[in-house]
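If you read the sequence shown in our numbering, its first letter stands for residue 362, the second for the next number, and so on.
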Amino acid sequence: MELVLTRKIRSAKSTIGELTIDGKFECFTLEDVERDVKIHGKTAIPKGRYELTITMSNRFKKELPLLINVPNYEGVRIHPGNKAEDTEGCILVGKTKTTDFIGNSRDAFEALFPKLKNYPGKKYITIQ
């Protein structure tokens, strides 16, 4: 399974993108700002291709998608949230978007998560 996150709209507070699965639009994304120098909890992860797995999140107390081997980052997950303050370096998903905000985040996550969890093979996400 191939997910592609294409970063589209950049502001001083956040980065809005579009997530596709095997070429089909799935949802919008919100990340922190892209920066040359990482600021902990306030910087989008580097562009690249990462393996995805599903593991138990100690913070959220439930299973969530986890990106593996992100350089200089740990615990990068895909989860619900609406604005940059909710990300801490993770990828948020939503069904609607406005400036620095994505909406219907839980609905988007509840549609995405079973696709990832139930897929029997390897899963990858490319950030571009």
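Where a beta carbon is used, it is the ideal one built from N, C-alpha and C, also for glycine.
Keep in mind it's a predicted model, so treat the numbers as computed, not measured.
| Asked | Found |
| --- | --- |
| LYS423: first and last residue of the uninterrupted beta strand (DSSP E) it sits in | 423 to 429 |
| Collapsed DSSP secondary structure at GLU375 in the structure displayed | Looking at the sequence shown, residue 375 is not Glu but Ser. The answer is coil: DSSP assigns SER375 none of H, G, I, E or B. |
| Of the listed residues ASP397, GLU435, SER418, VAL431, nearest to THR487 (C-alpha basis) | VAL431 |
| Where the alpha helix (DSSP H) containing GLU471 begins and where it ends | 466 to 479 |
| C-alpha distance - LYS414 paired with MET362, whole-angstrom precision | Here the sequence assigns Thr to residue 414, which means Lys is not the residue at that position. One C-alpha to the other measures close to 11 Å. |
| Bridge partner(s) assigned by DSSP for MET417 | GLU424 |
| Rounded straight-line distance, which links the Cα of PHE470 to that of VAL365 | 16 Å |
| In DSSP terms, what PRO441 is bridged to | VAL454 |
| Member of HIS440, ASP393, THR367 whose CA lies at the smallest distance from the CA of ARG420 | HIS440 |
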